[in-house]
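Undergrad: Each residue of the sequence shown is one higher than the one before, starting from 60 at the first, in this note's numbering. C-beta: ideal position from N, C-alpha, C; glycine also.
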Amino acid sequence: MTFSIVATDGTEWGVAVASKFLAVGAAVPAAAAGVGAIATQSYANLAYRPDGLRLLRDGKSAQETLDALTGADEQRETRQAGIVDGAGRAATFTGSGCHPWAGGVTGSIEGHGGYAVQGNILVGPEVVEAMEQAWQATTADMPLARRLMAALVAGDAAGGDRRGRQSAALYVAKAEGGYGGGSDVHVDLRVDDAALPIPELGRLLDRHDVFFGRPDTAQMIDVDDELAREVAGHLTTLGHPPAGDDMLSLGLAMWDWAGIENLEERMVREPKIDPLVLQVLREKAAAAGS
């Protein structure tokens, strides 16, 4: 009913999945930083997610974990699953009772990390082949979420689920990757019911990068006197005037505005500004002043 990829780059572990199934993200993916990632599908056994992560935490490899899960499952021949472990090893399983076309591939490329691609009720093996090729064409410096999305887009373009489209999801775990660094849930996006779920998932990922992306320190802009006057003017236009002419007052006003705009993850406590934050500030001020 589904096509998915589970993969790791050594620092992040994640799953991208799409299906003609309501809210596929509620059923298929699971991941934990440093532990691994799991996709369970085709009459999905949702117990594979907690049980699989527990086995991986206990030191089992991806293949050993998959063997243990399917070996204990009397309905294993209706199941399909893919796993990558903390070391980047990958495994996939497709039971003989899965609806055709059904199958999967695994691989590990230096600099790319381990991956498992699988699908069932697909238009054909070209879906899995396209996803694998798209993954291999990505580069190691890309965020894992973007690499997973590239594979998902390729699978969709190759025909995907032969019944049509309905939902898609992206789940990525990274140590201290969540909001405020308080969890390892780095990306958790779902499109539960839509005519074109994968393009919508891509749009959500773009928005996620804006609001939850961390600033690139190499790209930060120094706030000199000229830029400080510009920023203060924009903040005043938007109803957040600095209390004084000093940099501390400007910084406090910026943090106040950024918190309301949900851009706090991109703020730093020094006289520098993220180019994206500056762009948003300029756009908001221009719209308010027009």
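From Ala287 to Arg206, what distance separates their C-alpha atoms?
TA: 38 angstroms
Undergrad: Report the start-end ranges of each alpha helix (DSSP H) in the region 147-194 that is 4 residues or longer and not cut off at the edges.
TA: none
Undergrad: Express the C-alpha separation of Asp281 and Val5 in angstroms, rounding to a whole number.
TA: Beyond the ends of the chain as shown, which are 60 and 349, falls residue 5; an answer cannot be given.
Undergrad: Considering only residues of the same chain and omitting the five flanking positions on each side of Gly156, which have a CB-CB separation below 6 angstroms?
TA: Result list for Gly156: Glu136, Thr137, in chain order.
Undergrad: Let me make sure I understand the geometry here. Which of Arg325, Ala291, Arg148 has the alpha-carbon closest to that of Ala312?
TA: Ala291
Undergrad: For the region 69-87 against the region 199-215, do three or more pairs of beta-carbon atoms, one drawn from each stretch, fall closer than 8 angstroms, so that the two count as touching?
TA: yes
Undergrad: Smallest Cα separation from Gly240: which of Pro301, Asp252, Thr99, Glu323?
TA: Restricting attention to Pro301, Asp252, Thr99, Glu323, the CA atom closest to the CA of Gly240 is found in Glu323.
Undergrad: Out of curiosity, what's the CA-to-CA distance linking Glu329 and Ala199?
TA: Their Cα atoms are separated by approximately 31 angstroms.
Undergrad: Quick test of the definition: if touching needs 3 or more C-beta pairs under 8 angstroms, does the region 145-156 touch the region 87-104?
TA: yes
Undergrad: Taking the DSSP output, what are the residues bridged to Ile332?
TA: Ile280
Undergrad: Any idea what DSSP makes of Ala217, helix, strand or coil?
TA: coil
Undergrad: Starting from the N-terminal side, write out each stretch of the beta strand (DSSP E) that is 3 residues or longer and does not extend beyond the region 66-153.
TA: 71-78, 88-91, 95-100, 139-144, 149-153
Undergrad: If you check the beta carbons only, do Val246 and His267 fall under 8 angstroms apart?
TA: yes
Undergrad: In the DSSP assignment, find the unbroken alpha helix (DSSP H) run with Ala417 in it and report its ends.
TA: No answer is possible for residue 417: it lies beyond the span of the chain, which begins at 60 and ends at 349.
Undergrad: Near Glu320, what residues of its chain come up, given a Cβ to Cβ distance below 8 angstroms and the 5 sequence neighbours on each side ignored?
TA: Val339, Lys343
Undergrad: With distances taken between CB atoms, is the gap from Arg113 to Ile97 smaller than 8 angstroms?
TA: no
Undergrad: What does the alpha-carbon distance come out to for the pair Ala346 and Pro301?
TA: If you draw a straight line from the Cα of Ala346 to the Cα of Pro301, it comes to about 20 angstroms.
Undergrad: Residue range of the beta strand (DSSP E) that Arg222 falls in?
TA: From DSSP, Arg222 is part of no beta strand (DSSP E); its letter is neither H nor E.
Undergrad: Per DSSP, what kind of secondary structure is Ser63 in: helix, strand or coil?
TA: In the three-state reduction of the DSSP assignment, Ser63 falls in the strand class.
Undergrad: Looking at the secondary structure, which residues open and close the alpha helix (DSSP H) in which Val327 lies?
TA: Under the DSSP assignment, Val327 falls outside any alpha helix (DSSP H); it carries neither an H nor an E label.
Undergrad: Specify the secondary structure class of Arg249 as computed by DSSP and reduced to three states.
TA: strand
Undergrad: In angstroms, rounded to a whole number, what distance separates the CA positions of Phe62 and Asp220?
TA: For Phe62 and Asp220, the distance between alpha carbons rounds to 7 angstroms.
Undergrad: According to the neighbour-count rule (16 or more other Cβ atoms, all chains shown, within 10 Å of its Cβ), is Gly118 buried or exposed?
TA: It counts as exposed.
Undergrad: What separation, rounded to the nearest whole angstrom, lies between the Cα atoms of Thr153 and Trp316?
TA: 51 angstroms
Undergrad: So, for Gln192: in the same chain, excluding its five sequence neighbours on each side, which residues have a beta-carbon less than 8 angstroms away from its beta-carbon?
TA: Ala213
Undergrad: Taking the alpha carbon of Glu71 as the reference point, which residue from Ala277, Ala89, Gly303 has its own alpha carbon closest?
TA: Ala89
Undergrad: Which residue comes first and which comes last in the alpha helix (DSSP H) that contains Ser308?
TA: 306-319
Undergrad: On a CA-only basis, which of Gly69, Ser226, Ala106, Gly73 is nearest Ile168? Give me that one, please.
TA: Gly69
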